[in-house]
Amino acid sequence: NISSFTRCDSSGVKHKSRPSHTMPSSSKEDEEWIKKFDINAFRTDIKALGDKLEAEQGEADVRHLNKIVGMANMCAAAGILTMGFGVNFFSIFMLSTWTFARWTMIAHHT
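Add 13 to the 1-based position in the sequence shown for our numbering, that's all there is to it.
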């Protein structure tokens, strides 16, 4: 059982205790908000916020994204061009930075 386990103190007495990483089970009061949650209103609010933020984007945002794309591509070039020198930290760092930038920052903003 993950919610409790038996441990012995220094005198050998067994005690039931709960691991510190487990959460107590939720009570019905903690879940009352679910009954009142209006998914359609939430969807409308999120859509309105997305539309507002998209409308506020401009040329400066495009330049910033292009700068990130350029730096990511420079990391890729540096990593690929230095791979021929054997396994080295620089190549690994550049290629992982390129991958991280592509998967997180660029994909998130496009």
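Idealized CB from N, CA, C, for every residue including glycine.
Quick caveat: nothing in here was measured; it's all calculated off a predicted structure.
- Around the C-beta of Met-107, 16 or more other C-beta atoms lie within 10 Å, and the residue is accordingly described as buried.
- Secondary structure remark: continuous alpha helix (DSSP H) runs of at least 4 residues inside the region 48-122, in chain order: 52-68, 72-94 and 102-113.
- Val-100 and Ile-93 have their alpha carbons spaced roughly 12 Å apart.
- With a beta-carbon spacing of about 40 Å, Thr-57 and Cys-88 fall beyond the 8 Å limit used to define contacts.
- Of all alpha-carbon atoms in Ala-54, Gly-71, Ile-47 and Ile-81, the one lying nearest the alpha-carbon of Arg-115 is that of Ile-81.
- Nearest Cα to Met-118 within the set Phe-102, Thr-95 and Asp-74: Asp-74.
- If you draw a straight line from the Cα of Thr-112 to the Cα of Ala-91, it comes to about 13 Å.
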